[in-house]
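Number of protein chains: 4
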Amino acid sequence: MNFASDNVVGASRPVLEALLAANDGSQTAYGADAFSARGEAMLADVFEHEVTVFLVGTGTGANALALSAITPPWGAVFCHAESHVLDDECGAPEMFTAGAKLVGIPGVGGKMAAADLVATLERFPRGLVKAVQPSALSISQVTEAGTLYTLDEIATLSRIARDLGIRVHLDGARFANAMVALGCSAADMTWRAGVDVVTFGATKNGCLACEAVVFFDKALAADFQFRRKRGGHTLSKGRLLGAQLVGYLGNDHWIANARHANLMASVLAGGLAGIPGVRLAWPTQANEVFAVMPPAVDEAIRAAGFRGAPWSSLSLPPGFEIGGDRFVRFVTSWATQADDIAGLIAAAGRA
Amino acid sequence: MNFASDNVVGASRPVLEALLAANDGSQTAYGADAFSARGEAMLADVFEHEVTVFLVGTGTGANALALSAITPPWGAVFCHAESHVLDDECGAPEMFTAGAKLVGIPGVGGKMAAADLVATLERFPRGLVKAVQPSALSISQVTEAGTLYTLDEIATLSRIARDLGIRVHLDGARFANAMVALGCSAADMTWRAGVDVVTFGATKNGCLACEAVVFFDKALAADFQFRRKRGGHTLSKGRLLGAQLVGYLGNDHWIANARHANLMASVLAGGLAGIPGVRLAWPTQANEVFAVMPPAVDEAIRAAGFRGAPWSSLSLPPGFEIGGDRFVRFVTSWATQADDIAGLIAAAGRA
Amino acid sequence: MNFASDNVVGASRPVLEALLAANDGSQTAYGADAFSARGEAMLADVFEHEVTVFLVGTGTGANALALSAITPPWGAVFCHAESHVLDDECGAPEMFTAGAKLVGIPGVGGKMAAADLVATLERFPRGLVKAVQPSALSISQVTEAGTLYTLDEIATLSRIARDLGIRVHLDGARFANAMVALGCSAADMTWRAGVDVVTFGATKNGCLACEAVVFFDKALAADFQFRRKRGGHTLSKGRLLGAQLVGYLGNDHWIANARHANLMASVLAGGLAGIPGVRLAWPTQANEVFAVMPPAVDEAIRAAGFRGAPWSSLSLPPGFEIGGDRFVRFVTSWATQADDIAGLIAAAGRA
Amino acid sequence: MNFASDNVVGASRPVLEALLAANDGSQTAYGADAFSARGEAMLADVFEHEVTVFLVGTGTGANALALSAITPPWGAVFCHAESHVLDDECGAPEMFTAGAKLVGIPGVGGKMAAADLVATLERFPRGLVKAVQPSALSISQVTEAGTLYTLDEIATLSRIARDLGIRVHLDGARFANAMVALGCSAADMTWRAGVDVVTFGATKNGCLACEAVVFFDKALAADFQFRRKRGGHTLSKGRLLGAQLVGYLGNDHWIANARHANLMASVLAGGLAGIPGVRLAWPTQANEVFAVMPPAVDEAIRAAGFRGAPWSSLSLPPGFEIGGDRFVRFVTSWATQADDIAGLIAAAGRA
C-alpha cells in the first residue's frame, strides 16, 4: 500500500459519479458550463460569503495564479522557508508573477512565527526602491510538516500583513483536512481570519484534478480570467472541473473524506509512536505522519509492502536529531483502509 | 443542438470507461503512472517513431509550452495571421516564451502560402540584433478556417523553415480530423513532413481534457519537464490524462470519432450549400462548416434550436463579401447525430 | 561624412559642458541628485504641465518601460506596422510588459490612419477572454518614415484610443525635430492632443545618452520607480543623465539643434529631388531624407565619402516601386555641416 | 563630505578627458564604435585572456544580464544572503532570467562558506522536477560587508559549483578595489579561480556609468547581444561607454584610483578603531568601513558635516551586538581627500 502521498489514489466514488452524470449533452465551453456555475455557488455556501471562483486543474497552477493576482513583478511573497510555493513548484510563482521574489521564513514544524514574520517584514520597508516590495503573505494550511495553524495564529499573521497593505493567500492543498481537524468552518479559517484568497484544494481529498482559487473581494479577481487563460489553465470542457467540484462538495462528501483521512493518520501516528525507537518529528494534526525510525523498522515496513516517502526538513524541533534513523512521511487519504494502517503498524512493531 | 464548437460535448464512451478503469489502486504521481506510460507508448506506435511525450490538460498550455521549447525570449514565431496561438490564447505563447513575438502571415482560408512565408522571413535576417530572431514556424492543421494543408504544403513550409534553422510546430488541436481527411498516417503529417513538435489534441475529439506535446527529437525536450512543472501543467494524479489517452487511442477509437465528425460536417456542408443564398466561405475539409447565409436562413436555424458560432475572418477568398449575410461556424464532433444534421439542413431549407 | 543615423555623432557642446560642470562634488545617487531634479523641473516648464519624469539611458529602455506602465501582460499595444517598438527593439516591449502583444497597423509613410486603427480595435473587444486586451496606443513622432502626424491626427488617434480606455504613448525619439517642424509647443503635441506618456528623446538631438519618460498623470507613474530599477535603468550616478538634460534644455539649445538638423535635411531633400532619376519615398518633414536613386547616383555619393543607410519599407506610397533603384536613408543632426550637404548633393548631381 | 557610497562622486579626470576626446566625429552606433572596440581589447589585456565583452550603463543591468546568460527560468542562483543581486536590485535578476530563484546563503562578513554552499546545494538535486535547477553561483568581490574572498576561497567555491555543472558569476562592482587589495591580477581573481563571467565595475571607481560584462568562453555569450538589446542596455552612442572604459583602463588609472580609495579607507578604519567605544563590524579590506559607534560619536561626525550610510546586517560576527550603538557605513573613493578623512576622525575623536 502506497502512503507516499495523498495524490497516489484516484477519485472517490461520488466525484466519479458526478463526472459521469455531467458527461452527456452540450455545455458552453471555457468554464461557462452549468456544473462550474453550480460548484461555484456551492463554494459561496461553504464559505458563507460572496466568492469569485476560478477552477483549475493543478495546485501549482492555482497557487501561482493566486499569488500573481496579489503580487506585482517587483513584489515579495513571504512564506515559510519550506513551503510548497517556495520549494516544490519549480519556480511557478516566479513565472506567473513575472519575477516576484519568495522570501522564506524558517519556523519549527512548518509554521511561521508571528515574531519572525514581523522581523522579516522590517527588512522590506515599503518604498525602498532597491528592494522588492512587500506584497503577499502565503500561509500553508495544512503546513508542509502536517501541522496546523490555529485560527488565532492565522488571524495574527494576517493582521500583521494587512496592517502593512500586504494581501494574504492561504494554500489549502489540504483545506478540508485542516478544517475538519480544527473543527471550524471554512469561513473561520479564511476571510474571518483575514485571508484574501484561497487555493481550495480538492484533488488530494477525492477529486482527480480540481482546485478552486477563491477570492472574497471580487476587485482582486478583476483580471484573473485573463491570467488563467494565458496560463493555459482555462479548460475548454470546463465541466470536467465543475462536475468534480459538485460531486466533491455535495452531501458534505469532502468533509467525510477528510475526516476519514485524518482518522487514519491519527491511528497510524498513535500506533507508530508506541513502537520503541520510533519518534514523530511533529504532531500529527491532519492526514500526515512524519516518523523517524530505526532502519530496521523502516525495512520491516517496506518488506511488508508499505511505502512512505523518504523525507528531510529544516524545520525539525530544536534538538531533534535524525542521527542514524530514517525519516519517512506517510500520508493517508479518503481511500486509506483501516486494515492497511493496522498492517503497517503491525509490520513496524515486529521489527 | 449546439454546433458552436467541438468542445461543447463531453467525453466519448471508451474514454470515460478508460478513466473509470484507471481509478482504483495507487499510482505514482506527477505523470509517472502506468497509464501515462502506456499512452505514451501508444503514441510511439501511432507516430511510428520514438517520441518524447508530455501530457497536459489544455491546448493553450500545450501550444505555449511547445513553442517555448523551440523559441527563445528574443525569438519570432511565424504563424498564420489568424492562428489560434496568435489570436485565441490571450498571450500564452508570449508568457511561456518569456516574451517572444508572434508574426502573423495573412493567407486565404487560414493557410500560409510558401511565398508569403519566404517574403516574411526575409524581413527577419538572423543576427540582426535589433530584430527578434527567426526561431519557430507554427502551422495549424486543421486550420482556423477548417481547411487542410496538403502533405506537400506542410513539407514545403517546413523545408523553408528548417533551411534557416527554424523549428516547426504543428498545432494539431484537430489532429485526428486532419489525418483522417487526408487519408495519411500520423507520421506522414508530422516528422516525415519536417515537423519537430506536435500538439496532439485529443480533447475536442473525444476526451475531456487531454493534449499531448510530442517531440520526435528528445534533445528538444530536454528541459520540458521543468517547463511543464513551472507552468502548473504537471497533474499530480497523472492517471487522469494517461487513462484518457489510452481510451482514446485504443482500438482506433480516435480515428472512428474523427471519421464520424468529418462525415457529419461533410453532410452538413453539402446540405447547406444546396440551399439558395447559402455560401461556404471555405471548403469543408474536416469537421467545420463555415456558412454565409441570408439572415432569414440564420434565423430559421436558430428558431429550430440549432446553435452555431457567429464568425468573422480576414482570410476570406478574394472578392468574397459577407455583405448583408451572416457568417456562422458549425462544428461537428464524435457526438453529432445525423438526425441533428438533417434537422439543421431542413430548418435552413425552409427559410 | 556619415548620414546613416543621427546617433553616429557625439554630444553637442552645451551638453558636454553641462556634463563637465556637474562632475565635481557629491550628489545623492540613484536619480536623487540636483541635476536630475533641475532637468525634471525644466521639463515641467517645457510641457507647461506638472510632470513625473524618469531619466534613462536608452530609447529602447524608455519605450519599453513606458509601455509597461500602461499595458498589462495580457494587453495589446497598437502601433504602426513598422514602428521602432515593434521592429527595432528585439522584443524589449514584450520583455518589460511580461508578454504583451504588439499589434502592427500598416499605413503609408509610417503613419497609422484613424480608420485603420478603428478597424483593428474592432478585432479586440474588451473582455473577450481569449484575446489580449486593448491597452495602449503607441505613436511615433517623427515616424519611421521621417514624416509627421499633424496635431489633429494625433488628437484623433488619441481620442479613438481613450474612448475605449486605451492609454496613449508617444515615442518621441526625435521629439524636438517634430515639434520644431510643426511649429507647435511640446504641450500641443502631447497632453493637449491626448497623450498620456512620452518618450522624450534627447540622445539623437545632442546628448550622449538621455531619454526622459514623461507622465502627465502621476497615478500612471506610481510603480515606475520599481520598474526602472528592476530593468537596470536607474543610474547610480544619476547626474550623468540629469546634467545632459539640463544642458540640452537650457537656452532652448535643444530647439536650436533640431532646427538646424531639420534645415539641413530640407536642403538635402531639395537638392536630391532636383537630380534627374532621384525620387523621395516620402516628404522630408523633419531630419530624415528617404531617397530612391539610380545605382549610379548611389555609387557617386558613396565614392565621394558620404554614407547613408540602405533602407526598405512596407509603407511606400501605393504604386511607388523601387525597381532597379536603390533606397537610402540620410539623417541629419545638430552636427551636420552645410558643406557636407552641398558636397553630397554635388556628388549625386555629377552622376 | 559624503561617505555614504562611492557612487556619490562624479568621474575622475582621465575618464572625463577620454569622454571629451571621443566626442567629435562620427562613429558607428550600438556598440560598434572604435572606442568600445579599444576598451574591449584593453580588457583582454587586463584579463590576459580572450574575452567577449558587453558594455552597459549600470551594475544592476550588468549583473542581471550576466546571470540570465547562465541561468534558465527554472534555475537557481546561489549567492550570499545579503548580496546585491538578492537584496538591492528590486528583482532585476528574476526579471532578466524570466523567473529564476535566488537562493541566499548566510555567512559572516558577507562571505559564503564552502561548507554552507555544499549543504545548500544538497537541497537542490539536479533533475528533481519540482525544484528549481542548480544553475549559477554568484560571488561578490568586494562583498557587501567590504570584505574579500581570498583567491583560494574563490577557487574552492567555484570548484564546488563547476563540479555540479553550475556556472560562476563574479559581481565585481568594486573589482579594482578587491584586486588591488589582494595584490593579485585580474586573471587570478577570475578565470584562474574558476569564474565564468564577471561584472567588471568601473562606475564606482572613476567612471560615470560603465560596467563591462566579461565572458571568458564566448559560447556562453552567444545570445548576449540579443539579451542586452531587449533589456534596453545597448546604447546607441556606444562611444559613451567605450570612451569611459578607455580612459579608465589607460595608464593603470583604474588601479591608481582603487589604491587611493583603499588607502583612504584603511586610514579611516584605523582612526575610527582607535576611538574609545568605536568598533568595526568587519575588517576593512577594501574601500568600505563599517563602524559601530556610540550615538555621541555618530552625532559628532554628522555635526562636523560628514555623512555615512546607516546600516544593518544579518552577517555580523557571532556575539557581535549593536545594542544601543549606531551602525554606519563609510565608503571612500578615488575622490576622497585625506583631509576629509582626518577631519572625520578628529570629529569622532572629540565626542
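Each protein sequence line maps, in turn, to chains A, B, C and D.
Residue 193 in the numbering used here sits at position 193 of the first sequence, with consecutive numbering throughout.
Here the numbering used here runs 351 ahead of the position in the second sequence, where the first position is 1.
Here the numbering used here runs 702 ahead of the position in the third sequence, where the first position is 1.
Here the numbering used here runs 1053 ahead of the position in the fourth sequence, where the first position is 1.
We put the beta carbon where it would ideally sit given N, CA and C, even for glycine.
Only a predicted model underlies this, so the values are computations on that prediction, with no experimental measurement involved.
From the options, residue whose alpha carbon lies closest to that of residue i
i, options, result
"Gly1025 of chain C", "C:His935, C:Leu757 and C:Gly979", "C:Gly979"
"Ala914 of chain C", "C:Arg932, C:Gly940, C:Ala921 and C:Gly896", "C:Gly940"
"Asp1059 of chain D", "D:Glu1341, D:Glu1175 and D:Leu1302", "D:Glu1341"
"Gln141 of chain A", "A:Leu157, A:Asp325, A:Gln133 and A:Thr71", "A:Leu157"
"Ala637 of chain B", "B:Cys561, B:Ala527, B:Ile421 and B:Thr550", "B:Ala527"
"His584 of chain B", "B:Met393, B:Leu416 and B:Asp396", "B:Leu416"
"Tyr500 of chain B", "B:Val531, B:Leu472 and B:Glu473", "B:Val531"
"Pro489 of chain B", "B:Arg474, B:Met463, B:Glu473 and B:Pro365", "According to the sequence as given, residue 489 of chain B is Ser; it is not Pro. Selected option, being the one with the closest Cα: B:Met463."
Below-8 Å beta-carbon distance, residue i vs any chain B residue
i, result
"Asp1276 of chain D", "yes"
"Val831 of chain C", "yes"
"His233 of chain A", "yes"
"Ala178 of chain A", "no"
"Lys1271 of chain D", "no"
"Gly39 of chain A", "no"
"Phe1228 of chain D", "no"
Per DSSP, cross-strand counterpart(s) of residue i
i, result
"Asn353 of chain B", "B:Arg658"
"Ser1191 of chain D", "D:Cys1132 and D:His1222"
"Ile1207 of chain D", "In the DSSP output, where bridge partners are listed per residue, Ile1207 of chain D has none listed."
"Val1061 of chain D", "None, per the DSSP bridge assignment."
"Ala291 of chain A", "A:Leu280 and A:Val328"
"Val436 of chain B", "Paired residues: none, contrary to the question."
Any C-beta of chain G under 8 Å from that of residue i
i, result
"Glu1142 of chain D", "Going by chain labels, chain G is absent from the structure shown, which instead holds the protein chains A, B, C and D."
Residue i, DSSP secondary structure in three states
i, result
"Glu368 of chain B", "helix"
"Thr1252 of chain D", "strand"
"Lys555 of chain B", "coil"
"Ala563 of chain B", "strand"
"Phe926 of chain C", "helix"
"Phe398 of chain B", "helix"
"Met1165 of chain D", "coil"
"Met1444 of chain D", "The structure shown does not extend to residue 1444 of chain D, since chain D spans only 1054 to 1404, so no value can be given for it."
"Val103 of chain A", "strand"
"Gln1297 of chain D", "helix"
"Thr120 of chain A", "helix"
"Leu769 of chain C", "helix"
"Leu850 of chain C", "coil"
"Thr403 of chain B", "strand"
Interface flag, residue i vs chain A, CB-CB below 8 Å
i, result
"Val679 of chain B", "no"
"Phe737 of chain C", "no"
"Gln378 of chain B", "yes"
is_contact[residue i, chain C] using C-beta, thresh 8 Å
i, result
"Lys555 of chain B", "no"
"Arg1355 of chain D", "no"
Residue i at chain D interface by Cβ criterion, 8 Å
i, result
"Lys939 of chain C", "yes"
heavy atom of the ligand NAP below 7 Å from residue i C-beta
i, result
"Phe1088 of chain D", "With respect to small molecules bound, the structure shown includes none, and the ligand NAP cannot be examined in it."
- Task: Could you please tell me which residues of the stretch 411-430 of chain B, in chain order, have their CB closer than 7 Å to any CB of chain C?
- Result: Listed in sequence order: Pro424 and Trp425.
- Query: At a Cβ cut of 8 Å, what residues of the stretch 432-459 of chain B count as close to chain D, listed as they run along the chain?
  - Reply: Listed by position along the chain: Ala449 and Gly450.
- Between the stretch 1163-1194 of chain D and chain A, which residues of the former have a C-beta closer than 7 Å to a C-beta of the latter? Result list: Val1182, Lys1183, Ala1184 and Val1185.
- Which residues, in chain order, does the stretch 1019-1044 of chain C contribute to contact with chain D at a C-beta distance below 9 Å? Those residues of the stretch 1019-1044 of chain C that come within reach of chain D (Cβ to Cβ, closer than 9 Å) are Ala1037.
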